[in-house]
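Let me begin by presenting the structure, written as structure tokens, before commenting on it.
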Amino acid sequence: MADNYDQYSKAELLRLLRERDRKPKFGLVWERDEIEHDKSLNDDFVALDFDPALSCGDAPFENLIIEGDNFDALRYLRMTHAGRVNCIYIDPPYNTGNRDFIYNDRFVDKDDAYRHSKWLEFMYRRLTLAKDLLAIDALICVSIDDNEIGNLLLLMDMVFGASNRLACAPWLAEPSGGKEKTGLRGGHEYILIYHNGDSSSISREERSTGKLDKKDSLGAYRKGRELRKWGGTSLRIDRPKQWFPLTVPTGEIVYPHRNDGKEGHWRWGKDQKMRGIIANPELAHWERCPYDDGLIINGETDRWVPFEKIRDSKKTTGWGTWLDSVGFNSDATRELKDIFGEKPFDTPKPTSLIEWLISLHADEDALVVDFFAGSGTTAHAVMKLNAEDCGKRRFILVSSTEATGEAPDKNLCRDVCAERVRRVAQGYTNKKGEAVEGLGGAFAYLRTKRIPVSRVFNDMQHEQVWRALQLIHGMPLTGYDQSVLVQLSGNADDRLVYVPKLSEAVLEEVARVAGLGGRLVVYSWQPGQIRQRVEASNVAFERIPEFLVSRFGGGK
Numbered sequence: 000m001a002d003n004y005d006q007y008s009k010a011e012l013l014r015l016l017r018e019r020d021r022k023p024k025f026g027l028v029w030e031r032d033e034i035e036h037d038k039s040l041n042d043d044f045v046a047l048d049f050d051p052a053l054s055c056g057d058a059p060f061e062n063l064i065i066e067g068d069n070f071d072a073l074r075y076l077r078m079t080h081a082g083r084v085n086c087i088y089i090d091p092p093y094n095t096g097n098r099d100f101i102y103n104d105r106f107v108d109k110d111d112a113y114r115h116s117k118w119l120e121f122m123y124r125r126l127t128l129a130k131d132l133l134a135i136d137a138l139i140c141v142s143i144d145d146n147e148i149g150n151l152l153l154l155m156d157m158v159f160g161a162s163n164r165l166a167c168a169p170w171l172a173e174p175s176g177g178k179e180k181t182g183l184r185g186g187h188e189y190i191l192i193y194h195n196g197d198s199s200s201i202s203r204e205e206r207s208t209g210k211l212d213k214k215d216s217l218g219a220y221r222k223g224r225e226l227r228k229w230g231g232t233s234l235r236i237d238r239p240k241q242w243f244p245l246t247v248p249t250g251e252i253v254y255p256h257r258n259d260g261k262e263g264h265w266r267w268g269k270d271q272k273m274r275g276i277i278a279n280p281e282l283a284h285w286e287r288c289p290y291d292d293g294l295i296i297n298g299e300t301d302r303w304v305p306f307e308k309i310r311d312s313k314k315t316t317g318w319g320t321w322l323d324s325v326g327f328n329s330d331a332t333r334e335l336k337d338i339f340g341e342k343p344f345d346t347p348k349p350t351s352l353i354e355w356l357i358s359l360h361a362d363e364d365a366l367v368v369d370f371f372a373g374s375g376t377t378a379h380a381v382m383k384l385n386a387e388d389c390g391k392r393r394f395i396l397v398s399s400t401e402a403t404g405e406a407p408d409k410n411l412c413r414d415v416c417a418e419r420v421r422r423v424a425q426g427y428t429n430k431k432g433e434a435v436e437g438l439g440g441a442f443a444y445l446r447t448k449r450i451p452v453s454r455v456f457n458d459m460q461h462e463q464v465w466r467a468l469q470l471i472h473g474m475p476l477t478g479y480d481q482s483v484l485v486q487l488s489g490n491a492d493d494r495l496v497y498v499p500k501l502s503e504a505v506l507e508e509v510a511r512v513a514g515l516g517g518r519l520v521v522y523s524w525q526p527g528q529i530r531q532r533v534e535a536s537n538v539a540f541e542r543i544p545e546f547l548v549s550r551f552g553g554g555k
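Reminder that position 169 of the sequence shown reads as 168 in numbering that gives the first Met the number 0, one-by-one numbering, no gaps.
Structure below.
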């Protein structure tokens with residue numbers, strides 16, 4: 000923009016002032032108007048094409064690997080999976096300036112004046128789409144390092160809400176401290192963890208409370224806290240209602256005297272946890288404890304003191320967020336070399352780290368999404384967790400080819416991401432020549448395809464329609480069967496039918512399915528004609544492609 004304001008008219012100057020007044024003066028701001036337009040952003044409709052040769056296992060497919068720009072894939076998933084994803088993990092480019100971040104098919108280097116603005120615009124567009132995928136109790140976890148941690152934290156606060164931030168967790172990536180870059184060695188990265196408004200699904204860590212080394216008539220226990228209040232506000236005058244007598248099992252009466260001989264008070268009142276001990280002194284553990292400095296109170300140098308009896312050997316607590324024992328970068332490198340015999344991806348994450356992050360969500364049937372899938376670690380982690388706890392977690396991975404002008408034939412999604420997941424599922428031979436048993440599982444390999452909205456009616460294929468409808472209804476993917484009259488999926492309570500072409504036989508088949516009972520949704524390019532023949536309270540009708548285009552544009 001020219002800055003010779005003398006040449007501007009009064010109207011133009013007023014317009015500029017109004018635009019400046021509208022811009023935020025505090026918080027995260029980046030030069031959205033000055034940077035070149037992100038060419039990946041578009042208004043085209045997106046469909047998915049199925050590649051059976053690159054898929055793993057047999058249909059129906061619960062897991063998906065999508066090759067394509069993640070902006071396109073996220074818009075598609077917003078159409079099919081809005082509000083249904085339980086956990087998102089992403090490891091985006093760190094924007095180090097060392098050929099790790101591609102914007103408009105070119106690497107962004109350290110000398111780019113708009114380096115950080117380009118990265119923020121790139122991330123903002125994708126995070127806002129990702130938010131629409133999350134269930135209300137979902138988690139999103141994002142890896143980052145010092146280059147963009149400040150910007151990303153503010154951006155995540157903007158998109159997901161600062162009140163929903165659970166942690167900015169430091170992860171010890173290099174136990175040795177890593178390479179010296181500025182006179183100091185860091186060796187750590189960060190993981191930003193947010194929930195989507197409801198944190199009730201977060202799992203809790205189970206810890207041992209210690210050995211149960213004592214026994215009474217009720218069973219084993221260990222000695223817990225003293226029942227008299229310690230520290231500040233522990234005098235009788237601080238809680239006068241909590242000064243009352245207890246009866247020792249020997250029949251003696253005791254009051255909560257402090258170690259210095261002053262009158263104190265119990266931790267709880269008569270109507271709280273002390274009620275049971277008042278009624279039955281055996282519910283407390285009793286010991287003779289001396290006063291300080293040889294004090295003599297009521298003619299004695301010690302007195303009976305009650306303690307809690309802990310009968311549970313384990314307790315649950317919130318997870319710690321200093322991540323120093325969930326795997327290191329070196330573990331990730333070893334994993335890739337073990338699977339491929341080499342390291343085909345520069346910045347993998349250890350499977351154990353992603354396992355821990357996914358397990359923060361307590362649902363063992365969770366749907367996990369990673370739209371910067373890289374070497375496929377997230378799918379590997381999902382399969383390992385399922386093998387360990389018999390869970391039924393599912394994954395959707397999105398990866399681009401990462402092809403550039405310098406490497407036009409590169410295909411990271413096909414050759415690294417999907418290939419790793421395939422080997423982990425089916426088994427492989429490691430670099431030592433040992434057979435590693437597969438973890439099981441299958442996935443459909445899909446590619447994004449842009450279709451101009453004006454061409455959807457003419458260019459969208461029946462297979463693409465059927466694929467989208469199954470995903471919208473939360474059903475596993477099955478192939479398009481050209482040998483049948485209608486495409487049918489579902490169960491006795493909930494079915495969907497796609498009618499690619501109308502005929503008398505097709506109308507009879509739809510009527511037959513409607514007569515089976517349960518809810519039925521019929522999708523057709525000509526729903527009006529079917530409605531005239533099939534009238535039932537359990538049947539709903541939707542027009543194709545309008546239904547998909549509307550849902551795609553509205554993100555519902």
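The beta-carbon is built from N, C-alpha and C at its ideal position, and this holds for glycine as well.
| Item | Value |
| --- | --- |
| The segment 263-276 contacting the segment 181-192, beta-carbon criterion three pairs below 8 Å | no |
| Touch test, the segment 310-326 against the segment 192-206, Cβ-Cβ under 8 Å, three pairs minimum | yes |
| Identified DSSP bridge partners for W303 | R287 |
| Which of helix, strand or coil DSSP assigns to E534 | coil |
| Element boundaries [beta strand (DSSP E), containing E503] | Premise fails: E503 lies in the alpha helix (DSSP H), 503-513, not in any beta strand (DSSP E). |
| Beta-carbon gap between H196 and I101 smaller than 8 Å | Here residue 196 is Gly; the residue named in the question, His, does not match the sequence. The answer is no: Cβ separation not under 8 Å. |
| Integer-rounded CB distance, given that Y479 should sit under 8 Å from E561 | Nothing in the structure corresponds to residue 561, since the chain is present only between 0 and 555. |
| Ranges of the alpha helix (DSSP H) found wholly within the segment 433-492, counting only runs of at least 4 | 455-458, 461-471 |
| Alpha-carbon spacing of R266 relative to W118, whole angstroms | 54 Å |
| One or two residues paired with T315 in a DSSP bridge | E205 |
| C-alpha gap between G263 and W242, whole angstroms | 7 Å |
| Cβ neighbour criterion (16 or more within 10 Å) applied to S374 | buried |
| Cβ separation of V423 and M382, assumed to be a contact under 8 Å, to the nearest whole Å | 6 Å |
| Contact belief for L63 with W170 at Cβ below 8 Å, rounded distance in angstroms | Rounded, the Cβ-Cβ distance is 27 Å, inconsistent with contact. |
| Environment of V483 [buried if 16+ CB atoms lie within 10 Å] | exposed |
| Residue span of the alpha helix (DSSP H) that contains D131, given as start and end | 114-132 |
| Residues that DSSP places opposite V498 in a beta bridge | S523 |
| Cβ-Cβ separation, M155 to Y556 (assumed contact under 8 Å), whole Å | Lying outside 0 to 555, the shown extent of the chain, residue 556 is not represented and no answer is given. |
| Contacting residues, own chain, Cβ-Cβ under 7 Å from G552 (five flanking each side not counted) | none |
| Range of the contiguous beta strand (DSSP E) that encloses F44 | 44-49 |
| CB contact flag (C86, V367, <8 Å) | yes |
| Local Cβ density within 10 Å of A72, reported as buried at 16 or more and exposed below that | buried |
| Spatial neighbours of V538 in its chain, beta-carbon cut-off 7 Å, leaving aside the 5 residues before and after | A513, L519, V521 |
| Between the CA atoms of N103 and R413 - distance to the nearest angstrom | 21 Å |
| Segment contact, 8 Å Cβ cut-off, at least three pairs: the segment 52-63 with the segment 429-445 | yes |
| Buried/exposed call for L138, threshold 16 Cβ in 10 Å | buried |
| Segment contact, 8 Å Cβ cut-off, at least three pairs: the segment 415-434 with the segment 335-348 | yes |
| Within 8 Å, strictly: CB atoms of F70 and R21 | no |
| Distance between P289 and N279 (C-alpha atoms, nearest Å) | 24 Å |
| Unbroken stretches of the alpha helix (DSSP H), 4 residues or longer, contained in the segment 249-293 | 273-278 |
| DSSP bridge partner residues for C86 (one or two, in chain order) | L138, V367 |
| DSSP state of D215 mapped onto helix, strand, coil | strand |
| C-alpha distance - H360 paired with G298, whole-angstrom precision | 59 Å |
| Backbone secondary structure at A331 - three-state DSSP | helix |
| Buried versus exposed, by CB contacts within 10 Å (16 or more), L15 | exposed |
| Reduced DSSP category for G185 - H, G, I as helix; E, B as strand; rest coil | coil |
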